[in-house]
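Undergrad: My questions all concern the structure below.
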Amino acid sequence: MPAPADNHVCLICAQSEAELPLAAWRFQGREFWICPDCLPRLIHHRAELAERLAAVAPAEPPSVS
Ligand SMILES: [Zn+2]
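As numbered in my numbering, residues 5 to 69 make up the sequence shown, in order.
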């Protein structure tokens, strides 16, 4: 069963805000959530998360005119 839209989960481990504190981050205009356990991965291994971050980001970059 998918989580309700207002039940935020960690982008990496999918733990919910009911289980532990989550911090909101923004990437290319989109918001995502990271828990304290996964924050070091975002900081030190950001390249490993490129796929997940790409899933958060808009499918197409805004066109520059
Ligand atoms: Zn996490």
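Every residue, glycine too, gets a C-beta built ideally from N, C-alpha and C.
Check each candidate in R30, F36, F31, Q32 and name the one with the smallest Cα separation from A18.
TA: Stepping through the sequence shown from its first residue, residue 18 is reached at position 14. Nearest of R30, F36, F31, Q32 to A18, Cα basis: F36.
Undergrad: Between the beta-carbon of I38 and the beta-carbon of L24, is there less than 8 Å?
TA: Start at 1 with the first residue of the sequence shown, and residue 38 comes out as number 34. Start at 1 with the first residue of the sequence shown, and residue 24 comes out as number 20. Going by C-beta atoms, I38 is not nearer than 8 Å to L24.
Undergrad: Out of Q32, A28, N11, point me to the one whose CA is closest to A22's CA.
TA: On the sequence shown, position 18 is the one that residue 22 refers to. Among Q32, A28, N11, the Cα nearest to that of A22 is on N11.
Undergrad: Residues in its own chain within less than 8 Å of P40 by CB, not counting five upstream and five downstream?
TA: By one-based count along the sequence shown, residue 40 stands at place 36. L24, P25, A27, listed in sequence order.
Undergrad: Within the same chain, show all residues whose beta-carbon is closer than 6 Å to that of V60, passing over the 5 residues directly before and after it, in chain order.
TA: For the purposes of this step, residue 60 is identified with residue 56 of the sequence shown, where counting begins at 1. If we look at V60 and ignore the five residues flanking it on each side, its Cβ neighbours are F31, R34, F36.
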